[in-house]
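**Student:** For the protein sequence lines, the chains are V and H, in the order given. Throughout the first sequence, residue numbering follows my numbering, covering 15 to 243 in sequence. Throughout the second sequence, residue numbering follows my numbering, covering 15 to 243 in sequence. Questions regarding the structure given below will be posed in turn.
Protein chains: 2
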Amino acid sequence: MFPKTIGMPPPKQKIETPDPLDVPKAVVNRLSLYLRELRHLLRAQKMTVSSSELGSLLGFTDAQVRKDLAYFGHFGHPGIGYRCEELINAIRSILGTDQEWTVAMVGIGNLGRALLGYRGFADQGFHVVAAFDSDPEKLHRQIEGVPIYHMDRLTEIVRQHNIRLGLICVPATTAQKVADRLVEAGVAGIVNFAPVTLSLPEEISSVGVDLSTELEQLSFSVANRDHSR
Amino acid sequence: MFPKTIGMPPPKQKIETPDPLDVPKAVVNRLSLYLRELRHLLRAQKMTVSSSELGSLLGFTDAQVRKDLAYFGHFGHPGIGYRCEELINAIRSILGTDQEWTVAMVGIGNLGRALLGYRGFADQGFHVVAAFDSDPEKLHRQIEGVPIYHMDRLTEIVRQHNIRLGLICVPATTAQKVADRLVEAGVAGIVNFAPVTLSLPEEISSVGVDLSTELEQLSFSVANRDHSR
DNA sequence: TACTGTGAAACGGTTCACAGCC
DNA sequence: GGCTGTGAACCGTTTCACAGTA
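Here you go:
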């Protein structure tokens, strides 16, 4: 059930790290949701939470919550449940959001500007330190405190700030070109808001967010009345 | 493998409709991706596509593509593949995007305004016909041709236009209240951009889009170098 | 008593492999 | 030959049920 390596686990580590490839994607997704819920709970002065409480808040079973967390270590206290603050720290460490991430945004259209104004990113440790556009009209200004540069300076600035993530907010037609530039500049991960499938090298992680796709899922549910969620 | 009812299938229907609850959520998601890819192909004058071509464009196996489509009918032509235009129409019909959907947007902050300017919605048949905000500053103007109303008029306008979907673009703290108002007004589905879990009646479909969650998935992949996607 | 952690069973989705068709 | 549609095998995830712990 744990790493394929037969050796014993290291003496006593705070957070166990099974081969990440062994962790289902769905588990990582739920981790984010647990984290969100735990913050709400802590803000409401709740110090401790059981797997069944946390689960029912999100529509999951208690066993699922426990199994998910058990992939990474032993965070619970029998008879007590999970201490919210402790678990928050553990999940942040697992997700890697206990470190600060520097982010570049490419494309300062409607969506790009909106995201620059979104406080939620910084709250989770994601700092947009530079934005890029190829339209000379938009240059040399700052938006929401973020400096705007011409696309020509992408590699230079990415390296200078050691930027590790890129957000693609350009139209579908230019998204692949932008992705190639970001990869060349050395980012490790990409969030793609354009409605196209990017082809990227193996070693680059990516997440696609397509708003039309989300609406289509909803349309299907409503049209077929499947009462989902 | 098909409906539990043992009777024979109806004589010859264009699109078979198994109990939607039997269709895995993941399948519906991929349908959206197929649709997106098919449009690109058709725009590039490709008339016909095989399951293996379509699959490899998206990183799926050929069998997966065929199985997914076979949930809904027999759209392929042995020896030929799938005709792009035909399949586009079939998928649109399955997803329900062959009909027009009227949409209300609530919350005209950064994100709300950006989405009002997003052309992609209208292209897929989603029409935002009214936007709402509780800030009197923002009233009586139009943005991107969409009229803005005060929240007080939500029920009235939703009923008047027979609006069926709602987009929640308000902060987390007010999202649940807005959701309750939308449900009361009679929408059938909700897209929630606020980082909270909504509690909704069974019969309302919903989709949550949380940008921080997406970034966290990416952060995990990069931090654990799992080369995902 | 109240709860976690976890093997084992159950479930559901994906892949395989091939019959059938153009 | 090329390709779809699909039962069956396979595999990964979820749920069950209970031993273990404070």
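Backbone N, C-alpha and C define an ideal beta-carbon position, used for all residues, glycine too.
By alpha-carbon positions, which one of H/Asn176, H/Glu51, H/Arg44 and H/Ile102 ends up nearest to valine 248 of chain H?
**Tutor:** Nothing can be reported for residue 248 of chain H, as the shown portion of chain H is limited to 15 through 243.
**Student:** Is the separation between the beta-carbon of glycine 200 of chain V and that of arginine 173 of chain V shorter than 8 Å?
**Tutor:** Within the first sequence, numbered from 1, the residue matching residue 200 of chain V stands at position 186. Within the first sequence, numbered from 1, the residue matching residue 173 of chain V stands at position 159. For glycine 200 of chain V and arginine 173 of chain V, yes; Cβs fall inside 8 Å.
**Student:** Distance check for alanine 84 of chain V and tryptophan 115 of chain H, CA to CA, integer angstroms please.
**Tutor:** Numbered from its first residue, the second sequence carries residue 115 of chain H at position 101. Numbered from its first residue, the first sequence carries residue 84 of chain V at position 70. Computed Cα separation, rounded: 43 Å.
**Student:** Kindly indicate if chain H contains any beta-carbon less than 8 Å away from that of glutamate 290 of chain V.
**Tutor:** What is shown of chain V runs 15 to 243, which leaves residue 290 of chain V out entirely.
**Student:** Check whether the segment 103-114 of chain H touches the segment 128-136 of chain H, counting contact only when three or more Cβ pairs, one atom from each stretch, lie closer than 8 Å.
**Tutor:** Verdict: no, contact absent.
**Student:** Which residues mark the beginning and the end of the alpha helix (DSSP H) in which leucine 55 of chain H is found?
**Tutor:** Start at 1 with the first residue of the second sequence, and residue 55 of chain H comes out as number 41. Taken as a continuous stretch (DSSP letters only), the alpha helix (DSSP H) holding leucine 55 of chain H covers 39-57.
**Student:** Exposed or buried, what is methionine 61 of chain V when buried is set at 16 or more other beta-carbons lying within 10 Å of its beta-carbon?
**Tutor:** On the first sequence, position 47 is the one that residue 61 of chain V refers to. That one is exposed.
**Student:** Mind pulling the chain V residues with CB within less than 7 Å of alanine 202 of chain H?
**Tutor:** Stepping through the second sequence from its first residue, residue 202 of chain H is reached at position 188. Those within 7 Å of alanine 202 of chain H in chain V are Val236.
**Student:** Does any residue of chain V bring its CB to less than 8 Å from the CB of asparagine 124 of chain H?
**Tutor:** For the purposes of this step, residue 124 of chain H is taken as residue 110 along the second sequence, with counting starting at 1. Interface residue, yes.
**Student:** Could you check the C-alpha separation between glycine 69 of chain V and glutamate 170 of chain H for me, to the nearest Å?
**Tutor:** Taking the first sequence and counting its residues from 1, the one referred to as residue 69 of chain V is at position 55. Taking the second sequence and counting its residues from 1, the one referred to as residue 170 of chain H is at position 156. Answer to the nearest angstrom: the Cα atoms are 37 Å apart.
**Student:** Could you check the C-alpha separation between glutamate 216 of chain H and arginine 53 of chain V for me, to the nearest Å?
**Tutor:** In the second sequence, counting from the first residue as 1, residue 216 of chain H sits at position 202. In the first sequence, counting from the first residue as 1, residue 53 of chain V sits at position 39. Near 26 Å, if we compare the C-alpha coordinates of arginine 53 of chain V and glutamate 216 of chain H.
**Student:** Is any beta-carbon of chain H found at less than 8 Å from that of serine 44 of chain V?
**Tutor:** Position 30 of the first sequence, counted from the start, is the residue given in the question as residue 44 of chain V. In the sequence as presented, serine is not what sits at residue 44 of chain V; that position holds arginine. No, arginine 44 of chain V does not count as interfacial toward chain H.
**Student:** Name, going along the chain, the residues of the segment 176-194 of chain H whose beta-carbon falls closer than 8 Å to a beta-carbon of chain V.
**Tutor:** Correct list: Arg178 and Leu179.
**Student:** Buried or exposed: where does glutamine 138 of chain H fall if 16 or more other Cβ atoms within 10 Å of its Cβ makes it buried?
**Tutor:** Reading the second sequence from its first residue, position 124 is the one you call residue 138 of chain H. Burial call: buried.
**Student:** So what does DSSP say about asparagine 176 of chain V, is it helix, strand or coil?
**Tutor:** Mapped onto the first sequence, residue 176 of chain V falls at position 162. The answer is coil: DSSP assigns asparagine 176 of chain V none of H, G, I, E or B.
**Student:** Give me the Cα-Cα distance between serine 64 of chain H and leucine 229 of chain V, rounded to the nearest whole angstrom.
**Tutor:** Taking the second sequence and counting its residues from 1, the one referred to as residue 64 of chain H is at position 50. Taking the first sequence and counting its residues from 1, the one referred to as residue 229 of chain V is at position 215. If you take the alpha carbons of serine 64 of chain H and leucine 229 of chain V, they lie about 27 Å apart.
**Student:** So tyrosine 163 of chain H contacts chain V; which residues on that side make the cut at Cβ distance below 8 Å?
**Tutor:** Translated into the one-based positions of the second sequence, residue 163 of chain H becomes position 149. Those do not exist, as tyrosine 163 of chain H stays about 21 Å from chain V at its closest Cβ, beyond 8 Å.
**Student:** Could you pull the DSSP bridge partners for asparagine 206 of chain H from this structure?
**Tutor:** Start at 1 with the first residue of the second sequence, and residue 206 of chain H comes out as number 192. Paired residues: H/Ile182 and H/Gly222.
**Student:** Is the distance from the Cβ of histidine 88 of chain V to the Cβ of arginine 97 of chain V below 8 Å?
**Tutor:** Within the first sequence, numbered from 1, the residue matching residue 88 of chain V stands at position 74. Within the first sequence, numbered from 1, the residue matching residue 97 of chain V stands at position 83. No, these two residues do not count as a Cβ contact at 8 Å.
**Student:** Which whole-angstrom value is the C-beta distance of aspartate 147 of chain H and methionine 165 of chain H, which I expect to be below 8 Å?
**Tutor:** Residue numbering aside, residue 147 of chain H sits at position 133 when the second sequence is read from its first letter. Residue numbering aside, residue 165 of chain H sits at position 151 when the second sequence is read from its first letter. With 8 Å as the limit, aspartate 147 of chain H and methionine 165 of chain H qualify as a contact, their Cβ atoms being about 7 Å apart.
**Student:** Under 8 Å between C-beta atoms, does arginine 57 of chain V make it to chain H?
**Tutor:** Residue 57 of chain V sits at position 43 when you count from the first residue of the first sequence. Output row for arginine 57 of chain V: interface = no.
**Student:** Taking only beta-carbon positions, decide if leucine 109 of chain V is within less than 8 Å of chain H.
**Tutor:** Translated into positions along the first sequence, residue 109 of chain V becomes position 95. Yes, because at least one Cβ of chain H sits closer than 8 Å to the Cβ of leucine 109 of chain V.
**Student:** What residues in its chain sit with their C-beta under 7 Å from that of histidine 222 of chain V, if we drop five residues either side in the sequence?
**Tutor:** Counting from one through the first sequence, the residue named residue 222 of chain V turns up at place 208. Note that residue 222 of chain V is glycine in the sequence shown, not histidine. Closer than 7 Å at Cβ, skipping near neighbours: Asn206.
**Student:** Take isoleucine 94 of chain H as the anchor and find which of H/Ala118, H/Met119, H/Asn103 and H/Glu67 has the nearest alpha-carbon.
**Tutor:** Taking the first residue of the second sequence as position 1, residue 94 of chain H is located at position 80. Measuring from the Cα of isoleucine 94 of chain H, the nearest candidate turns out to be H/Glu67.
**Student:** With 8 Å as the limit, tell me which residues of the segment 74-88 of chain V have their beta carbon closer than that to any beta carbon of chain H; keep them in chain order.
**Tutor:** Correct list: empty, as no residue qualifies.
**Student:** Step through the CB atoms of chain V and report whether any lies within less than 8 Å of the CB of tyrosine 48 of chain H.
**Tutor:** For the purposes of this step, residue 48 of chain H is taken as residue 34 along the second sequence, with counting starting at 1. Not an interface residue.
**Student:** Please confirm if tyrosine 96 of chain H has its CB atom under 8 Å from at least one CB of chain V.
**Tutor:** Along the second sequence, read from residue 1 onward, the residue named residue 96 of chain H stands at position 82. So, not an interface residue.
**Student:** Got a sec: is the Cβ-Cβ distance from glutamine 138 of chain V to anything in chain H below 8 Å?
**Tutor:** Translated into the one-based positions of the first sequence, residue 138 of chain V becomes position 124. Chain H contact via Cβ: present.
**Student:** Which of helix, strand or coil does DSSP assign to glycine 200 of chain H?
**Tutor:** Indexing the second sequence from 1 puts residue 200 of chain H at position 186. Here glycine 200 of chain H sits in coil by DSSP.
**Student:** Only counting the same chain, and skipping five residues up and downstream in sequence, which positions put a Cβ closer than 8 Å to that of glycine 72 of chain H?
**Tutor:** The residue given as residue 72 of chain H occupies position 58 in the second sequence. The sequence shown places leucine at residue 72 of chain H, not glycine. Contacts found: Arg44, Leu47, Tyr48 and Glu51.
**Student:** Is there a Cβ of chain H sitting closer than 8 Å to that of proline 209 of chain V, yes or no?
**Tutor:** Along the first sequence, read from residue 1 onward, the residue named residue 209 of chain V stands at position 195. Yes, its Cβ sits closer than 8 Å to a Cβ of chain H.
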